[in-house]
Amino acid sequence: MSRAAAQAGEFTADEMMTACAARALRDGMTCFVGIGLPSAAANLARATHAPDLVLIYESGTIGAKPGWLPLSIGDGVLAETADAVVSVPEIFNYWLQPGRIDVGFLGAAQLDRFGNINTTVIGSTYANPKVRLPGAGGAPEIAAFCREVIIIVRQSRRSFVERVDFVTSVGYGTGRGDRERLGLTGAGPRKIITDLGVLEPDPATGELTLTGVYPGVTPEQARAGTGWDLAVSGSLEVLAPPSAAELSALRALQAMTPGSEGSR
Amino acid sequence: MARIVSLAEAIAATIHDGDSVAMEGFTHLIPFAAGHELIRQQRRDLTLIRMTPDVIYDQLIGAGCASRLIFSWGGNPGVGSLHRFRDAVENAWPGPLQLEEHSHAGMANRYVAGASGLPFAVLRGYGGTGLEGLPGLDGQPTVRAITCPFTGERLTAVAALTPDVAVIHAQQADRAGNVQLWGITGVQKEAVLGARRSVVTVEEIVDELAPRAQAIVLPSWTVDYVAHAPGGAHPSYALGYSQRDNDYYVAWDAISRDRERFLNWLKTDVFGAPDPAGLASAAAGEEG
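Residue numbers (this note's numbering), protein chains in the order written: chain A, 17 to 280; chain B, 14 to 301.
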C-alpha cells in the first residue's frame, strides 16, 4: 500500500498526504478544519510556512492555536487558545454561511467523478444500509459556502466510485453550472489529495482529473484505484515528497499530543 | 425557579417513557452522569435528540432506552464508528432505531427556532444533497425549500425542535439555581430555552456566580432542576475543572464493538457503579 519513497520507509502515506494538503494552504488564509488528516495538515501549515493561518473548528473556536493535534473538534486546547469562542448556531450562521471562510477541508467515505461526497450510508437504500456511516456533520455547508474546498481521501475503487450511494455534500453535482443553480456560493472542490496524488476539476466540465502523482506512482496505478474512467492531465506533475522540515514539524506535533507514544 | 435536587430525583421528575430528550453539549460539557442515571432508571421508547450522538447516546441506544434518534453526526470523534448506534441501525439490536437526520447547520437552526418560539428557521444549504429528501420521524419532511418574500431567492426552511426535556451539564450553579457555563457552549442555551422541561447537572454549587467572559448564564427561572454531579461530564470535560479523557474515547471503540462486552460494561460501570446514590447524598449535603 505504501507508495514511492514511503516504500523506502522514510515516511508514511498519511504523512505524504498531510504535507501535500498543508502546502495547499497559504499564510493568512481562514480555514475551516475537520478532525483527522485535515486538522493535521492545517496545523502542519501553521507550524511551517503559514504561521498566520486562521484555524476555525465547528465547535465555535475561531483562531485556535493548538500546540499539538487535538483528537476532537472540541478539545479544551482549542477553546483555551482561540481568538474567540462562539456558539454552534453562530459559527454556522454568521461565519460559514455568508462565505467569510477561505478554505474548507473535508474527508469522504465515497467520492464521485464530480467531487460529490458521501459520509452517510453505504448500500443501495437509505433505510437498510449495508454500512451506516456517521453522517453529515458540518460538511454540507462547508462544501457549499467555503470559498474553496480541499478533500483528503485515500484512493481505491471502493472510495472512488462512479456514483455515490448518497449525496451528503455537493461537489459539482452533475457537472459545471449545478452549483450556481443550487445556490452554493463557494467555488467547490479545488483539490482532491489522495495517497496516490492530486485530482483537480476540469475547468470546463468539473470532472475530476489526475493532475499530479507522488514520485514512483504511475497514472495507471491511479486509474486502477478509481471506479470511473479517470482522465489524466496532459501536463501531469510529479509532486515533491515531504521535506525533512515538514516531516520533523509534523512528527513534533504528533509527539506533543497527550496520550501519543511520543508524549509518554 | 430551579429546584436543587439529587440527579436521580431530577431525572425521575422530568423524563418519562416515550419522551423526546435533548442531552446537549458539543464535545464539551456532555451530561454523561445524567445519561447513566437515565439508563439506571430504565427509561424506554425515548426520542433522543443531539447534534453529535457521541459515546453518551451510543450507551443509551445500546442499553435499549431509545426508539428514535434525531441527529447530525453519529461518530466517535477522532476514533471512528459508534458501534452501538451502527448495530441498532444495521441490525436492529437491541431494537430498531428510527432516524431523523440533518446537517449540523440544520440542527443548530432547528434549536434556534425552538428557542425563538418559531415553527421553522431559515438557512441556505441542503440544495442538491440527499438530506433534503429524507422524511422526518412522522413521515413528513423537516426540510423544505422556500422562496424569500423580499428577493425571490431559493432558501431552506428547517422545522423547529421543541424537546420535551433538555438535559445539559454546566460548570456552576448558585444556591438559587442560576446556572453558568463557559468554554465551548454549543447549542445548550437553545436546547434549554426550546424545551418544555430542563435539568442542569453542575460541577459545583457556589455561593455567588462570578461574571466571566463569553459565559452563558441561564437564570434560575429558565431551568426546572439543578443537580450537583461533579465529574458528570466525564469522559467529555468541563473547562476549568477537567480535561477531555481522550483515552476513554479510544478505549470505547473496543468496549462498544462487541455486544457481550458492552453488556458487561453496563453491568459493572452503570448498574454497578460504586454507589450511584452517592451523587444524591452529596447534592443533599450541599442543600443542607
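For glycine and all other residues, C-beta sits at the position ideal for the given N, C-alpha and C.
Check, Outcome
"Which residues, in chain order, does the stretch 245-261 of chain B contribute to contact with chain A at a C-beta distance below 7 Å?", "250, 252, 256, 257, 259, 260"
"Figure out for me which residue from 192(A), 98(A), 171(A), 99(A) has the closest Cα to the Cα of residue 283(A).", "Outside the displayed span of chain A (17 to 280) sits residue 283(A), for which this structure offers no information."
"Evaluate residue 254(A) with the Cβ neighbour count: other Cβ atoms within 10 Å of its Cβ, from every protein chain shown; 16 or more gives buried, anything less gives exposed.", "exposed"
"Could you give the distance in angstroms between the alpha-carbon of residue 225(B) and the alpha-carbon of residue 20(B)?", "26 Å"
"Going along the chain, which residues of the stretch 151-182 of chain A sit with their C-beta nearer than 8 Å to a C-beta in chain B?", "151, 152, 153, 154, 155, 156, 157, 160, 161, 182"
"Under a Cβ-count criterion, where at least 16 other Cβ atoms within 10 Å of its own Cβ denotes burial, should residue 110(A) be classed as buried or exposed?", "exposed"
"Beta-carbon of residue 198(A) versus every beta-carbon of chain C: anything under 7 Å?", "Chain labels in this structure do not include chain C; the protein chains are A and B."
"With three or more beta-carbon pairs closer than 8 Å as the criterion, would you say the stretch 149-164 of chain A touches the stretch 84-98 of chain B?", "yes"
"Does the Cβ-Cβ distance between residue 238(A) and residue 226(A) come in under 7 Å?", "yes"
"Taking C-beta pairs closer than 8 Å, name the residues in chain B that residue 185(A) reaches, listed in chain order.", "142"
"Suppose you measure from the CA of residue 134(B) to the CA of residue 220(B); what does that come to, to the nearest Å?", "38 Å"
"When you compare each of 71(B), 128(B), 165(B) to residue 173(B) by their alpha carbons, which one comes out closest?", "128(B)"
"Suppose only complete runs of 4+ residues qualify. What are the alpha helix (DSSP H) ranges in the stretch 90-174 of chain B, listed by chain order?", "96-104, 117-129"
"Do you know offhand how far residue 32(B)'s Cα is from residue 60(B)'s?", "6 Å"
"Would you identify the three-state DSSP class for residue 272(A), choosing helix, strand or coil?", "helix"
"Between the alpha carbons of residue 122(B) and residue 208(B), how many angstroms are there, rounded?", "14 Å"
"Which of helix, strand or coil does DSSP assign to residue 251(A)?", "strand"
"Given a limit of 9 Å on CB to CB distance, which residues of the stretch 30-41 of chain A reach chain B?", "none"
"Checking 7 Å against the spacing of the C-beta atoms, do residue 46(B) and residue 242(B) come in under that value?", "yes"
"Does the beta carbon of residue 113(A) sit closer than 7 Å to a beta carbon anywhere in chain B?", "yes"
"Considering Cα atoms alone, identify which of 232(A), 199(A), 44(A), 92(A) is closest to residue 141(B).", "199(A)"
"Take residue 121(A) and list the residues in its own chain whose beta-carbon comes closer than 6 Å to its own, dropping the five residues that flank it on each side.", "49, 50, 54, 166"
"Between residue 82(A) and chain B, is any beta-carbon pair separated by less than 7 Å?", "no"
"Quick one: using the 10 Å Cβ neighbour count with 16 as the cut-off for buried, is residue 263(A) buried or exposed?", "buried"
"Leaving out five residues on either side along the sequence, give the residues of the same chain with a beta carbon under 7 Å from the beta carbon of residue 227(B).", "195"
"Could you name the residues of the same chain whose beta carbon sits closer than 7 Å to that of residue 207(A), not counting the 5 residues immediately before and after it, in chain order?", "40, 166, 214, 216"
"Thinking C-beta only, is residue 42(B) closer than 7 Å to residue 247(B)?", "no"
"For residue 77(A) and residue 163(A), what's the separation of their Cα atoms in angstroms?", "19 Å"
"Count the other CB atoms within 10 Å of the CB of residue 14(B); is the residue buried (16 or more) or exposed (fewer)?", "exposed"
"How far does the beta strand (DSSP E) with residue 34(A) in it reach, from first residue to last?", "That residue, residue 34(A), is in no beta strand (DSSP E); its alpha helix (DSSP H) goes 29-39."
"By the DSSP assignment, the beta strand (DSSP E) with residue 213(A) in it spans what residues?", "213-217"
"Would you mind telling me which residues of chain A sit closer than 7 Å to residue 106(B), beta carbon to beta carbon, in chain order?", "Under the 7 Å cutoff, chain A gives no residues; its nearest Cβ is about 12 Å from residue 106(B)."
"Which residue from 222(B), 113(B), 75(B), 192(B) puts its Cα closest to that of residue 99(B)?", "75(B)"
"Check whether the Cβ atoms of residue 56(B) and residue 78(B) sit closer than 7 Å, and answer yes or no.", "yes"
"Using beta carbons (cut-off 7 Å, strictly below), is residue 117(B) in contact with chain A?", "yes"
"The alpha helix (DSSP H) spanning residue 44(A) covers which residue range?", "Premise fails: residue 44(A) is in no alpha helix (DSSP H) and is neither H nor E."
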